[in-house]
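K.L.:
As they're listed, the protein sequences go chains A, B and C. With the first letter of the first sequence counted as 1, position 155 gets the number 164 in our numbering; the numbers rise by one all the way through. With the first letter of the second sequence counted as 1, position 5 gets the number 14 in our numbering; the numbers rise by one all the way through. With the first letter of the third sequence counted as 1, position 97 gets the number 106 in our numbering; the numbers rise by one all the way through. C-beta atoms are modelled at their ideal positions from N, C-alpha and C, and glycine is treated no differently.
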Amino acid sequence: MAAAPALAHRIARSGVLPLCRRLPAWGRAIRQPPSLPLAPCRAFSNNKIQVEMNESSGVATMKFKSPPVNSLSLDFLTEFCISLEKLENDRACRGIIITSAIPKIFSSGLDITEMCGKSTEHYAEFWRAVQEIWLRLYSSNMVTLAVINGSSPAGGCLIALSCDYRIMAENPKYTIGLNEAQLGIVAPFWFKDTFVNVVGQRVAERSLQLGSLYPAPEALKFGIVDELVPEEKLQEKAAAVMAQWLALPDHARQITKSMMRKTVLDRLVAHREEDIKNFISFVSKESIQKSLRMYMEMLKKKKS
Amino acid sequence: MAAAPALAHRIARSGVLPLCRRLPAWGRAIRQPPSLPLAPCRAFSNNKIQVEMNESSGVATMKFKSPPVNSLSLDFLTEFCISLEKLENDRACRGIIITSAIPKIFSSGLDITEMCGKSTEHYAEFWRAVQEIWLRLYSSNMVTLAVINGSSPAGGCLIALSCDYRIMAENPKYTIGLNEAQLGIVAPFWFKDTFVNVVGQRVAERSLQLGSLYPAPEALKFGIVDELVPEEKLQEKAAAVMAQWLALPDHARQITKSMMRKTVLDRLVAHREEDIKNFISFVSKESIQKSLRMYMEMLKKKKS
Amino acid sequence: MAAAPALAHRIARSGVLPLCRRLPAWGRAIRQPPSLPLAPCRAFSNNKIQVEMNESSGVATMKFKSPPVNSLSLDFLTEFCISLEKLENDRACRGIIITSAIPKIFSSGLDITEMCGKSTEHYAEFWRAVQEIWLRLYSSNMVTLAVINGSSPAGGCLIALSCDYRIMAENPKYTIGLNEAQLGIVAPFWFKDTFVNVVGQRVAERSLQLGSLYPAPEALKFGIVDELVPEEKLQEKAAAVMAQWLALPDHARQITKSMMRKTVLDRLVAHREEDIKNFISFVSKESIQKSLRMYMEMLKKKKS
Numbered sequence: 010m011a012a013a014p015a016l017a018h019r020i021a022r023s024g025v026l027p028l029c030r031r032l033p034a035w036g037r038a039i040r041q042p043p044s045l046p047l048a049p050c051r052a053f054s055n056n057k058i059q060v061e062m063n064e065s066s067g068v069a070t071m072k073f074k075s076p077p078v079n080s081l082s083l084d085f086l087t088e089f090c091i092s093l094e095k096l097e098n099d100r101a102c103r104g105i106i107i108t109s110a111i112p113k114i115f116s117s118g119l120d121i122t123e124m125c126g127k128s129t130e131h132y133a134e135f136w137r138a139v140q141e142i143w144l145r146l147y148s149s150n151m152v153t154l155a156v157i158n159g160s161s162p163a164g165g166c167l168i169a170l171s172c173d174y175r176i177m178a179e180n181p182k183y184t185i186g187l188n189e190a191q192l193g194i195v196a197p198f199w200f201k202d203t204f205v206n207v208v209g210q211r212v213a214e215r216s217l218q219l220g221s222l223y224p225a226p227e228a229l230k231f232g233i234v235d236e237l238v239p240e241e242k243l244q245e246k247a248a249a250v251m252a253q254w255l256a257l258p259d260h261a262r263q264i265t266k267s268m269m270r271k272t273v274l275d276r277l278v279a280h281r282e283e284d285i286k287n288f289i290s291f292v293s294k295e296s297i298q299k300s301l302r303m304y305m306e307m308l309k310k311k312k313s
Numbered sequence: 010m011a012a013a014p015a016l017a018h019r020i021a022r023s024g025v026l027p028l029c030r031r032l033p034a035w036g037r038a039i040r041q042p043p044s045l046p047l048a049p050c051r052a053f054s055n056n057k058i059q060v061e062m063n064e065s066s067g068v069a070t071m072k073f074k075s076p077p078v079n080s081l082s083l084d085f086l087t088e089f090c091i092s093l094e095k096l097e098n099d100r101a102c103r104g105i106i107i108t109s110a111i112p113k114i115f116s117s118g119l120d121i122t123e124m125c126g127k128s129t130e131h132y133a134e135f136w137r138a139v140q141e142i143w144l145r146l147y148s149s150n151m152v153t154l155a156v157i158n159g160s161s162p163a164g165g166c167l168i169a170l171s172c173d174y175r176i177m178a179e180n181p182k183y184t185i186g187l188n189e190a191q192l193g194i195v196a197p198f199w200f201k202d203t204f205v206n207v208v209g210q211r212v213a214e215r216s217l218q219l220g221s222l223y224p225a226p227e228a229l230k231f232g233i234v235d236e237l238v239p240e241e242k243l244q245e246k247a248a249a250v251m252a253q254w255l256a257l258p259d260h261a262r263q264i265t266k267s268m269m270r271k272t273v274l275d276r277l278v279a280h281r282e283e284d285i286k287n288f289i290s291f292v293s294k295e296s297i298q299k300s301l302r303m304y305m306e307m308l309k310k311k312k313s
Numbered sequence: 010m011a012a013a014p015a016l017a018h019r020i021a022r023s024g025v026l027p028l029c030r031r032l033p034a035w036g037r038a039i040r041q042p043p044s045l046p047l048a049p050c051r052a053f054s055n056n057k058i059q060v061e062m063n064e065s066s067g068v069a070t071m072k073f074k075s076p077p078v079n080s081l082s083l084d085f086l087t088e089f090c091i092s093l094e095k096l097e098n099d100r101a102c103r104g105i106i107i108t109s110a111i112p113k114i115f116s117s118g119l120d121i122t123e124m125c126g127k128s129t130e131h132y133a134e135f136w137r138a139v140q141e142i143w144l145r146l147y148s149s150n151m152v153t154l155a156v157i158n159g160s161s162p163a164g165g166c167l168i169a170l171s172c173d174y175r176i177m178a179e180n181p182k183y184t185i186g187l188n189e190a191q192l193g194i195v196a197p198f199w200f201k202d203t204f205v206n207v208v209g210q211r212v213a214e215r216s217l218q219l220g221s222l223y224p225a226p227e228a229l230k231f232g233i234v235d236e237l238v239p240e241e242k243l244q245e246k247a248a249a250v251m252a253q254w255l256a257l258p259d260h261a262r263q264i265t266k267s268m269m270r271k272t273v274l275d276r277l278v279a280h281r282e283e284d285i286k287n288f289i290s291f292v293s294k295e296s297i298q299k300s301l302r303m304y305m306e307m308l309k310k311k312k313s
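1) To the nearest angstrom, report how far apart serine 300 of chain A and histidine 260 of chain B are at their CA atoms.
2) Under the assumption that alanine 190 of chain C contacts threonine 272 of chain A (Cβ atoms under 8 Å), give the Cβ distance between them as a whole number of angstroms.
3) Residues of chain A with a CB under 9 Å from the CB of asparagine 56 of chain B: which are they?
4) Which class does alanine 178 of chain C belong to by DSSP, given the choice of helix, strand or coil?
5) Return no unless some Cβ of chain B is closer than 7 Å to the Cβ of glutamate 282 of chain A.
6) When you check each C-beta in the region 148-171 of chain A against every C-beta of chain C, which residues fall closer than 9 Å?
7) Our contact map puts lysine 102 of chain B next to leucine 96 of chain B with C-beta atoms below 8 Å; I'd like the distance itself, whole angstroms only.
8) For a test of the three-state rule: what should DSSP assign to asparagine 63 of chain C, helix, strand or coil?
9) Classify proline 258 of chain A as helix, strand or coil using the three-state DSSP reduction.
10) So the alpha helix (DSSP H) valine 207 of chain B belongs to, where does it begin and stop?
11) Would you mind telling me which residues of chain C sit closer than 7 Å to tryptophan 254 of chain A, beta carbon to beta carbon, in chain order?
12) Counting contacts by CB-CB distance shorter than 7 Å, is lysine 7 of chain C in contact with chain B?
13) If distances are taken between C-alpha atoms only, which option among B/Thr203, B/Glu61, B/Glu245, B/Glu179 comes closest to tyrosine 147 of chain B?
14) So, is threonine 70 of chain A buried or exposed, given that buried needs 16 or more other C-beta atoms within 10 angstroms?
15) Would you call glycine 126 of chain A buried or exposed, if buried means 16 or more other Cβ atoms sit within 10 Å of its Cβ?
16) Along the chain, where does the alpha helix (DSSP H) that runs through lysine 135 of chain C open and close?
17) I'd like to know whether the C-beta of alanine 261 of chain C is nearer than 7 Å to at least one C-beta of chain A.
18) Which ranges does the beta strand (DSSP E) cover as unbroken runs of at least 3 residues, wholly within the region 212-266 of chain B, from first to last along the chain?
19) Contact between the region 163-178 of chain B and the region 197-217 of chain B: three or more CB pairs below 8 Å?
20) Can you tell me whether glutamate 141 of chain B is buried or exposed, with buried defined as 16 or more other CB within 10 angstroms of its CB?
21) Once the 5 residues before and after glutamine 298 of chain A are set aside, which same chain residues still bring their CB inside 8 Å of it?
22) Which residues in the same chain have their Cβ closer than 8 Å to the Cβ of tryptophan 136 of chain A, if we skip the five residues on either side of it in sequence?
23) Using CA coordinates, which residue listed in A/Glu295, A/His280, A/Lys230 is at the minimum distance from glycine 388 of chain A?
24) Classify glutamate 130 of chain C: buried if its beta carbon has 16 or more other beta carbons within 10 angstroms, exposed otherwise.
25) What would DSSP say about methionine 71 of chain C, mapped onto helix, strand or coil?
26) Using the Cβ count rule (16 or more neighbours within 10 Å means buried), how would you classify glutamate 123 of chain B?
27) For the beta strand (DSSP E) that contains isoleucine 105 of chain C, what are its first and last residues?
28) Say whether chain A places a C-beta atom closer than 7 Å to the C-beta of arginine 276 of chain C.
29) Hey, is valine 292 of chain A's beta-carbon within less than 7 Å of any beta-carbon in chain B?
30) In angstroms, rounded to a whole number, what distance separates the CA positions of methionine 303 of chain B and leucine 222 of chain A?
31) Determine the closest residue to serine 149 of chain C out of C/Ile105, C/Ala110, C/Ile157, C/Thr184, with distance taken between C-alpha atoms.
32) For chain C, check one thing: does any of its Cβ atoms lie closer than 7 Å to the Cβ of valine 207 of chain B?
33) Quick check: the Cα distance between leucine 237 of chain C and methionine 177 of chain C, rounded to an integer number of angstroms?
34) Determine whether the Cβ of leucine 257 of chain A lies closer than 7 Å to any Cβ atom of chain C.
35) What does isoleucine 194 of chain C touch in chain A if you count any residue whose Cβ is under 8 Å from its own?
36) Tell me the DSSP secondary structure of isoleucine 194 of chain B in three-state form.
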């Protein structure tokens, strides 16, 4: 595991991601020299994310399995990033289904322990990893399908919003939304841009100010998710939706996607370092540290 | 009353409004030196707007009471501006409810007598006051809730659109919309931007071209208002909605709001003088003067 | 017919179109010197488009009648362009209804034979004509009403989207959409911009990536069309809708429309030559030529 953050760091450092055809990254050149046939990946599992590749369909399934709530720690994000990179570079993989192996939760969002009582360097590394996941996912050449089989607040919601299509379990106990404001935190501009692209300005404005978490039926009504499906039919439905998307030639679809998302992607690429500085300065404030500590205390009490 | 326009003028002249934490304006520094505790405002009423402050909830209610139809004259706008400024500077005030004390009408919009047969200087002063109200309301740090208890055409609709949330009386006789085109007038770009932010491009394009006034149920359908409530339950509902918004910490909500609205606010700030010149040149045209005179004649006949 | 492409070319070369008041083009100056009264046009029919002008209402009806499927060939586009130009310059004409004289089809979109096995110069001329139609239609001072009485894929859909309002026959067998991706083709950015203006970012993103063709009821649901009407009532409804739009003074409506559409129009005007180069480079690719040839073969087999 020790090498992983370093690799992620290297990937992250590379800066602008060309959206349509990525230059082979250094790490990849080592693993997969262009002159050799690509080794088909079957299944790989690390600590926190399980990946299964169906070679006949060209579809990979990524299952978050980081108990208790799939929170997005630096380790989780690093694994996520490496898994995405692997699949993105695997020509046999045309689509990914992102879902959770933990009952009732898709992902609880950013891991607050990464933002509490750590060094400036740590905050910078963590935030760069958050940015990196969004940049990769939102610009992925693969068809990305979120199968939201549990609650999905904050950063968990961002992951879903960054996919091409969102199916959610038809269970009003599961909620989704960018609820940062409820913790006294401001969702960064690229969370906001991604949200506006999905639900439009009015709904985004109200939801972000209120930090709204929507039960599945309301999430459908406001367009946060595209479809609700009974939980036991999620897999079947996901396969059908993916097949529909993969029925199209990749190239035109990829360029179209890139054209649709370019403005918003470019904005973060242009302001990435500034955004990291803003995060560090915000999270380092004593008032924010205090409110995060209180929130963690509350979570601990809830558990016990 | 004599001093009021001058003060508004001073405020208006100050130019760019920093959105998150305003520097104390000269006028305020005189009234409320920072070293003294802020005097809690209770209720103040001028000629045209009645303000009640509930100190326990931190919510002020502004009631338009300028018969017959709450039209936005220069005097009205000046009072509105001063009231907003006072509340904005009052730390005890976290939210405002904007409504009408006149039955069946929220506000009829800009006062046409201010645009008819007056001097260039007058047109400039009037238009600057219209801009100023929008800049202050759309960028307000307070939670702003429009309780639309009557019809609300043109400028009246703009005031509602500039709030954070809109509740309208469930009465199909009440209409709302930016109907400027029906008078042969073009809604300025920042009316348009505000409208697009609420209803999206397609609905805004059609509604502005047709100068549509929507009965309450249609206004809800197109997203111009967020909720319909029986007229007798408006107050109760307003209090509940406001409480929901005030349940969140102010700071994150304010920064989020500023982030969402910045682009549109900045556009007017950057083009403010040009927009005033455009208004003067438009309103000074003989053809426009003639059509406004005809419209006023029609209104007079209607009354008698 | 020989002179027509040359004229269209001349029009097309003129570059930026001032949106509100166009300078008289050379061709028009010859036909209609400003000192003479404008000759009222009644009906003119060329090969592919039939135009009827109702002088009492000020409404022209353009009927596409280019069998079998009203495909947008260079000749068709040239005629379309000249007809639009004529009506735009005719002060008696305030609105146009665009519909089809061919049963079951509004327009099948760009004529693929124009993009297959032709010279670079031909591709350039063809693409410039496509751009020109869009620029003229999207910026038209007239009220433009699409009466979609049949299927309307790709370029046919673009024409409908460029109008002010869309009425479609209530027939689920008729479909509409920008389905370019299904042919492995990328809809250009200004198709995308026009689509986003009508349906918003989320629906546009998904629809363009999937190349979705929507049956009429779904097209209504997603906002691609504004109304469904039983086919036999289309004409009657069109007249009523047009009357509603023409009840307003032209000038304010025209400026409002121009203000709403300017950003998107300016983008193509600024990148017009680049867009032509992109089209040529794309369409000249052997892979694209091959897939277009295959598609044409398929169409031929379908017919026989």
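P.N.:
So, to answer that:
1) 13 Å
2) The distance from the Cβ of alanine 190 of chain C to that of threonine 272 of chain A is about 20 Å, inconsistent with a contact at the 8 Å cut-off.
3) Ordered by position in chain A, no residue passes the 9 Å Cβ test against asparagine 56 of chain B, which lies about 33 Å from the chain.
4) Residue state, collapsed to three classes: strand.
5) With its beta carbon at least 7 Å from every one in chain B, glutamate 282 of chain A lies outside the interface.
6) Val152
7) Rather than lysine, the amino acid found at residue 102 of chain B in this sequence is cysteine. 5 Å between Cβ atoms; contact.
8) strand
9) coil
10) 198-208
11) Leu219
12) The structure shown has nothing for residue 7 of chain C, since chain C only spans 10 to 313.
13) Checking every option, the nearest Cα to that of tyrosine 147 of chain B belongs to B/Thr203.
14) buried
15) Using a 10 angstroms sphere on the CB of glycine 126 of chain A, the tally of other CB atoms stays under 16, which defines it as exposed.
16) It is worth fixing the name first, because residue 135 of chain C is phenylalanine in this sequence and not lysine. That run of the alpha helix (DSSP H) goes 129-147.
17) Under the 7 Å criterion on CB atoms, alanine 261 of chain C is classed as non-interfacial with respect to chain A.
18) As for any beta strand (DSSP E) of minimum length 3 sitting wholly inside the region 212-266 of chain B, the runs are 236-238, ordered along the chain.
19) yes
20) buried
21) Correct list, in chain order: Cys125, Gly126, Val292.
22) Exclusion of the five residues before and after tryptophan 136 of chain A leaves Asp284, Ile285, Phe288, Ile289 as the residues of its chain whose Cβ lies within less than 8 Å of its Cβ.
23) Limits of chain A in this structure are 10 at one end and 313 at the other, which puts residue 388 of chain A out of reach.
24) exposed
25) strand
26) buried
27) 104-109
28) Arginine 276 of chain C does not count as touching chain A.
29) Chain B has no Cβ within less than 7 Å of the Cβ of valine 292 of chain A.
30) Near 52 Å, if we compare the C-alpha coordinates of leucine 222 of chain A and methionine 303 of chain B.
31) C/Ile105
32) Not closer than 7 Å to any Cβ of chain C, the Cβ of valine 207 of chain B fails to qualify, so no.
33) If you take the alpha carbons of leucine 237 of chain C and methionine 177 of chain C, they lie about 5 Å apart.
34) yes
35) Ala261
36) coil
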